[in-house]
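Encoded as structure tokens, the structure appears first; notes follow it.
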């Protein structure tokens with residue numbers, strides 16, 4: 009009893025004596041105008057940083073705050089997003105990496121100007137104005153973290169088709185991997201603390217990781233994945249989407265100045281406390297922007313579905329509508345979850361972000377096994393098995409390699425079959441006029 013008590017006391021003393029971190033950062037990405045989550049994100053950030061009142065801090069926002077599919081965002085010209093940013097800047101220095109959805113409400117020039125007007129620092133090394141050749145934002149910024157300068161480099165995807173059509177002709181997108189090979193070493197030269205804030209996606213990040221100094225914090229986004237992976241003292245992570253998780257990052261530097269990062273992904277539950285000030289902005293903006301058509305009921309959900317569960321429900325709906333064995337849809341097609349009970353058009357469009365025709369084809373069991381191994385990836389998926397596609401697959405529990413299966417997917421995958429379905433992708437054809445959103449709405453009526 010005495011020995012146990014002594015050990016417990018020693019543990020308490022050791023924990024209490026553990027030095028405070030040299031810096032605390034929080035990160036979120038791919039929020040996509042998730043207005044129901046933004047007040048909760050603010051409250052969660054406030055709570056985290058309040059635990060370290062005298063420690064240097066920063067907020068990293070790694071792209072895609074805006075979402076053009078959100079009618080309230082379009083009608084209000086991003087009023088809630090900009091209020092969200094102003095609120096974050098009041099809490100800590102906020103560094104914003106441009107994502108592909110940033111120019112959803114304005115051109116890129118005006119978007120960057122409005123973000124900067126909130127007090128946030130905008131960075132991106134790889135997005136330029138095609139007409140002038142000038143970058144829309146600096147490649148990097150410097151912040152003091154723990155008594156030492158940190159260099160934060162921002163990278164954006166160069167996949168032009170992920171930007172809205174109206175702005176594509178104005179953009180000159182550099183290859184983030186090629187840029188990193190040429191410039192990353194000079195950007196980081198002499199910096200005690202190095203951070204990459206990338207909205208380029210895992211496939212590009214995987215090629216950039218060998219280029220960063222050991223001890224780099226490498227923030228990923230764009231794929232809507234949620235996981236943390238260490239490589240020596242370097243840490244790579246993605247923190248999900250739609251306000252599902254907040255990355256809480258602590259930095260401790262040893263006597264030689266080497267960085268030791270700890271990254272924890274903390275889920276933000278739907279009933280988490282919300283910032284009252286931003287909640288009032290959200291409620292007022294929704295009240296003046298939503299129309300009767302937006303409030304029209306399109307179906308009913310017997311239970312509330314998380315974003316991941318809603319994505320599987322919608323994918324299964326496509327499979328059932330097309331009468332196929334299996335359905336596979338890109339995870340970024342989906343956003344928010346679904347509420348319990350009546351589902352209105354506004355909530356539904358936040359869940360199923362994009363519409364389009366469905367396509368069907370035949371795939372061998374052996375091919376399907378290989379495809380299934382790359383789908384439904386979660387926090388425990390080994391990094392070597394991650395490809396960044398973030399595919400949602402609903403199909404049979406057991407796949408027989410020697411039989412054929414009927415598959416349904418979306419027009420996006422049908423236009424890029426080898427990128428998603430493999431080098432031996434099946435031939436795909438339109439599924440008799442079936443549309444994705446109609447299929448999911450039909451399932452909500454069953």
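Residue numbers (our numbering): 9 to 454.
Backbone N, C-alpha and C define an ideal beta-carbon position, used for all residues, glycine too.
- In its chain, beyond the 5 residues on either side, 400, 402 have a beta carbon closer than 7 Å to the beta carbon of residue 320.
- Within the segment 236–323, the beta strand (DSSP E) runs of at least 3 residues that lie entirely inside it are, in chain order, 242–247, 253–261, 267–275, 305–309.
- Residues of the same chain with a CB within less than 6 Å of the CB of residue 303, apart from the 5 flanking positions on each side, are 352 in chain order.
- For residue 363 and residue 447, the gap between their C-alpha atoms comes out near 10 Å.
- Look at residue 157 here: in three-state DSSP terms it is strand.
- When rounded, the separation of the alpha-carbon atoms in residue 136 and residue 130 is 13 Å.
- By the neighbour-count criterion, in which 16 or more other beta carbons inside 10 Å mark a residue as buried, residue 207 falls on the buried side.
- Residue environment: residue 49 is assigned as buried (16 or more neighbouring CB atoms within 10 Å of its CB, all protein chains considered).
- In the DSSP assignment, residue 47 falls within the alpha helix (DSSP H) that extends over 46–58.
- For residue 35, the uninterrupted beta strand (DSSP E) segment begins and ends at 31–36.
- Secondary structure note for residue 196: its alpha helix (DSSP H) is the uninterrupted segment 184–196.
- If only uninterrupted beta strand (DSSP E) runs of at least 3 residues are considered, those enclosed by the segment 209–234 are 225–228.
- Closest in C-alpha terms to residue 430, from the list 376, 295, 333, comes 376.
- Between the alpha carbons of residue 287 and residue 195 lies a distance of about 39 Å.
- Under the DSSP assignment, residue 357 falls in the alpha helix (DSSP H) whose first and last residues are 353–359.
- The DSSP assignment places 116–125 as complete runs of the alpha helix (DSSP H) inside the segment 103–172, in order along the chain (cut-off: 4 residues).
- Per DSSP, residue 365 is one residue of the beta strand (DSSP E) stretching across 365–372.
- Under the three-state reduction of DSSP, residue 95 is assigned to helix.
- Just measuring C-alpha positions, the residue of 278, 289, 230, 224 sitting nearest residue 257 is 224.
- Sequence-distant partners of residue 348 (beyond 5 residues in either direction) whose C-beta falls short of 8 Å from its own C-beta, in its chain, are 309, 310, 311, 312.
- Each residue's CA atom was taken as its position, placing residue 435 and residue 34 some 44 Å apart.
- A contact between stretches requires three or more CB pairs, one per stretch, nearer than 8 Å, and the segment 277–287 meets this requirement with the segment 92–110.
- Exposed is the label assigned to residue 265, since fewer than 16 other Cβ atoms lie within 10 Å of its Cβ.
- Counting only the Cα atoms, residue 67 lies some 15 Å from residue 91.
- Assignment of residue 74 by DSSP, reduced to helix, strand and coil, places it in the coil class.
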